[in-house]
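Undergrad: To start, I am sharing the structure in question, which I have written as structure tokens.
Chains as they are written, first to last, in the working numbering: chain F, 940 to 1306; chain U, 940 to 1306.
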């Protein structure tokens, strides 16, 4: 195999596929990036067996072939080369030479045929949305995915397509995050549980542009995202997702509207009084025009006052400050509305259109 | 005690003194920042018993007093406050209230009298140089201080003042770094071994301006740097420094001049072939107009060619690439000259005025 590409183009491709290179594995060939130049197109591929990414890069195939190169070493070498044309050449023994100007690296490669490629499948019609929308959806919900739960379903996000509506849900034992976006087209109903790790990696390689689109297809056990010259395929999590709708209610006894930035800053400050081992709640004491926020721990205490618009009864309720912060930071609105039933029931942070609903469970407190 | 200061001014002072807050200590009061408002001036102080820093901040003393507050907590609280006036008030039981707008923190403090203050001393005439010069001197020599050597002398830098010349020297078992600067004034000879950690911390708080000066005084066992409204005092390392002059020679068999940036990039690339546990040398093969650089390890191999100006004999010599890199990166010149005697003798990187001399020992290699 012999190819030549600009360094910048190689780096662009490497940065995309690196997200699917496993950190450690027993399958050492999967720690490689596969360079496939068996056709006039050059593709780079990485696959950790849960998540696989394939991307096309610009370049010239001088002699067709495929080779697998240690991902970290290959990436490090390309990064340190001058910003010029790079020539990569492998012989029959997989010995690979990387040349750029007068610099020459020689490293061993592995047989490309041994590399497990990304599984692909065909589907008539994929769901289309902008890269910006998908990236926002992930950012606004990913924080409430359980990092490592014995119940695997909780480590994923629920994607649910119904006609022209995409709804994304994540939850852990303490909160639920729901985001809805309207699609331009109409689709048959489909739903799937997508691993949180897949979404985290894909959100790093989406351009986040409103013009660029991403196409999402589902098979029984796979999800495929196609965008630009890249394909990302991930296994789905098997199982039946929680019935979230039965947790939702629009009833409330108290509703407040508050400046989001001001509330975030205040709760953020309060976290200084909380140590990992001693989770003290922040207590919100909601009165007519002001809300008092107070936290007391063995470190010290903080209190603060924030102006609010209130409708309904006064209420005093405690929360883990981190859970409130995560939800409030995922919202872009300047003002947010919070709905309370009583001090034992979840608080809902939602907008009028239900484009977002954040449910946070309260915690008990003693005074 | 009751004082009021702008948040920004508190942050400025905290950032300076934090450099002397110990990470862990058995003397828990030394993990505090001392706020001294016993006069109309407000000073902040931290002291890890090796290094002490005291700085004056702008503010109003409403009630005189002193208090010691946990450095990390105090710093974190101030950072999270709104960018407004902050009022700090301590009662007789050292309970301290920090107020800013409607936010109020209450934390315990410690008796200021128990805090070990920064030792100070008087000297008639300190050595004066610009903050820029001192910061550069430290940056250009600190890398070859031994991080933790049983021989404590090697963990410090030698400061030597002779008439109107300041010379700073550092060394470990493999290399020597020497920098000289001319002073504006003339001084009696004085020398001292300054801990590397002190220099590392002070270089972070020097403004690096050519206009702002720093005044350096020496006592038998202390060095004091005074600049702006800040005093930094450090213990000196006891002992007799190495006789470096006897290691220096101006004889050479080969001299080359090379573009520094090009050489740095090439050596930097070669380090990809080196793992911590398998220190392979980079071999420089110096010919008439070109120098070949080559490194081979179990990972792979790299070679490269660089244009040089040469005077004297051809030579082949091996080095630890990191040691060459450190020295070459500490130099600002576009072109550097390197002097070689033979493949067993140190290489000297120096300029004509001897404003810098970097000596690097070669390593053996087999081909």
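The C-beta atom is built at its ideal place from N, Cα and C for all residues, glycine as well.
Kindly give me the distance between the Cβ atoms of residue 1287 of chain U and residue 1257 of chain U, rounded to whole angstroms, as I take these residues to be in contact under 8 Å.
TA: Not really, about 16 Å apart at Cβ, beyond 8 Å.
Undergrad: With C-beta atoms as the reference, is residue 1207 of chain F less than 8 Å away from residue 1264 of chain F?
TA: For residue 1207 of chain F and residue 1264 of chain F, yes; Cβs fall inside 8 Å.
Undergrad: Is the beta carbon of residue 1078 of chain F less than 8 Å from the beta carbon of residue 1269 of chain F?
TA: Yes, they are a contact pair.
Undergrad: Does the pairing of the region 1088-1104 of chain U with the region 1025-1033 of chain U give three or more beta-carbon distances under 8 Å?
TA: Touching, no, given that fewer than three Cβ pairs across the two stretches are closer than 8 Å.
Undergrad: For residue 1234 of chain F and residue 1241 of chain F, which I take to be in contact (beta-carbon distance under 8 Å), what is that distance rounded to the nearest angstrom?
TA: 5 Å between Cβ atoms; contact.
Undergrad: What's the gap between the Cα of residue 1295 of chain U and the Cα of residue 1050 of chain U?
TA: Cα-Cα distance, rounded: 49 Å.
Undergrad: Closer than 8 Å, CB to CB, is residue 1089 of chain U near chain F or not?
TA: Closer than 8 Å: no.
Undergrad: Spell out whether any CB of chain U is found under 8 Å from the CB atom of residue 1010 of chain F.
TA: With 8 Å as the cut-off, residue 1010 of chain F does not count as an interface residue toward chain U.
Undergrad: Can you round the beta-carbon distance between residue 1307 of chain U and residue 1017 of chain U to whole angstroms, since I take them to be within the 8 Å contact cut?
TA: Given that chain U is displayed from residue 940 to residue 1306, the structure contains no residue 1307 of chain U and the question cannot be resolved.
Undergrad: Could you name the residues that DSSP lists as bridge partners for residue 1243 of chain U?
TA: Looking at the DSSP assignment, residue 1243 of chain U forms a beta bridge with U:1232.
Undergrad: Closer than 8 Å, CB to CB, is residue 1062 of chain U near chain F or not?
TA: Chain F, which has no Cβ nearer than 8 Å to the Cβ of residue 1062 of chain U, makes this no.
Undergrad: Return the residues of the region 1207-1233 of chain F that lie within a Cβ-Cβ distance of less than 7 Å from chain U, sorted by chain order.
TA: Here the close residues are 1207, 1208, 1211.
Undergrad: Could you tell me the boundaries of the beta strand (DSSP E) in which residue 1266 of chain F lies?
TA: Taken as a continuous stretch (DSSP letters only), residue 1266 of chain F belongs to no beta strand (DSSP E), being part of the alpha helix (DSSP H) at 1260-1268.
Undergrad: Taking C-alpha atoms, which residue in U:1213, U:1300, U:1147 lies nearest to residue 1068 of chain U?
TA: Here the closest residue by C-alpha is U:1147.
Undergrad: Return the residue from the list F:1076, F:1168, F:1009 that minimises the CA-CA distance to residue 1135 of chain F.
TA: With distances taken between Cα atoms, residue 1135 of chain F lies closest to F:1076.
Undergrad: Regarding residue 1069 of chain U and the ligand NAP, is the C-beta to nearest heavy atom distance less than 7 Å?
TA: The model depicted lacks the ligand NAP and carries no ligand whatsoever.
Undergrad: Assess, as a yes-or-no matter, whether the region 1111-1118 of chain U is touched by the region 1034-1043 of chain U under the definition of 3 or more beta carbon pairs within less than 8 Å.
TA: Counting Cβ pairs under 8 Å, fewer than three are found: no touch.
Undergrad: I'd like to know whether the C-beta atoms of residue 1282 of chain U and residue 1254 of chain U end up nearer to each other than 8 Å.
TA: The answer is yes: Cβ separation under 8 Å.
Undergrad: Determine the contact status of residue 1174 of chain U and residue 989 of chain U, defining contact as a CB-CB distance below 8 Å.
TA: A contact, by the Cβ cut-off of 8 Å.
Undergrad: Report yes or no: is there a C-beta of chain F within less than 8 Å of the C-beta of residue 1007 of chain U?
TA: Chain F contact via Cβ: absent.
Undergrad: Across which residues does DSSP place residue 1223 of chain U in a beta bridge pair?
TA: Paired residues: U:1232, U:1256.
Undergrad: What is the rounded straight-line gap between the Cα of residue 966 of chain U and the Cα of residue 985 of chain U?
TA: Each residue's Cα considered, the two are about 13 Å apart.
Undergrad: By the three-class DSSP mapping on this structure, what secondary structure does residue 1010 of chain F have?
TA: DSSP places residue 1010 of chain F in helix when its eight states are reduced to three.
Undergrad: Measure from the alpha carbon of residue 1185 of chain U to the alpha carbon of each residue in U:1249, U:1298, U:1152, U:1201, then state which is nearest.
TA: Minimum Cα distance to residue 1185 of chain U is reached at U:1298.
Undergrad: My understanding is that residue 1183 of chain F touches residue 1238 of chain F, with C-beta atoms under 8 Å, so please give their C-beta distance in whole angstroms.
TA: The pair is not a contact, with the Cβ atoms about 36 Å apart (cut-off 8 Å).
Undergrad: Please report the distance separating the alpha-carbon of residue 968 of chain F from that of residue 940 of chain F.
TA: Roughly 18 Å between the two C-alpha positions.
Undergrad: Say whether chain U places a C-beta atom closer than 8 Å to the C-beta of residue 1261 of chain F.
TA: It does not; no Cβ of chain U falls within 8 Å.
Undergrad: Taking residue 964 of chain U as the reference, which of U:1251, U:987, U:980, U:981 has the closest Cα?
TA: Among U:1251, U:987, U:980, U:981, the Cα nearest to that of residue 964 of chain U belongs to U:987.
Undergrad: Confirm, please, whether the CB-CB distance from residue 1133 of chain F to residue 1082 of chain F is below 8 Å.
TA: No, the Cβ-Cβ distance between residue 1082 of chain F and residue 1133 of chain F is not below 8 Å.
Undergrad: Does any C-beta atom of chain U lie closer than 8 Å to the C-beta of residue 1241 of chain F?
TA: So, interface residue.
Undergrad: Mind listing which residues of the region 1029-1041 of chain F have their C-beta closer than 8 Å to chain U's C-betas, in chain order?
TA: If the cut-off is 8 Å between Cβ atoms, the region 1029-1041 of chain F has 1041 near chain U.
Undergrad: Label residue 978 of chain U either buried or exposed according to how many other C-beta atoms from any shown protein chain fall within 10 Å of its C-beta, with 16 as the threshold for buried.
TA: That one is exposed.
Undergrad: Return helix, strand or coil for residue 1038 of chain U, following the three-state DSSP convention.
TA: Residue 1038 of chain U falls in the strand class under three-state DSSP.
Undergrad: Based on DSSP bridge pairs, tell me the residues matched to residue 1169 of chain U.
TA: DSSP lists U:994, U:1166 as partners of residue 1169 of chain U.
Undergrad: Out of U:1284, U:1172, U:1105, U:945, point me to the one whose CA is closest to residue 1293 of chain U's CA.
TA: The shortest Cα separation from residue 1293 of chain U among U:1284, U:1172, U:1105, U:945 belongs to U:1105.
Undergrad: Check this for me: beta carbons of residue 1164 of chain U and residue 1110 of chain U, under 8 Å apart or not?
TA: No, the pair does not count as a contact, with Cβ atoms beyond the cut-off.
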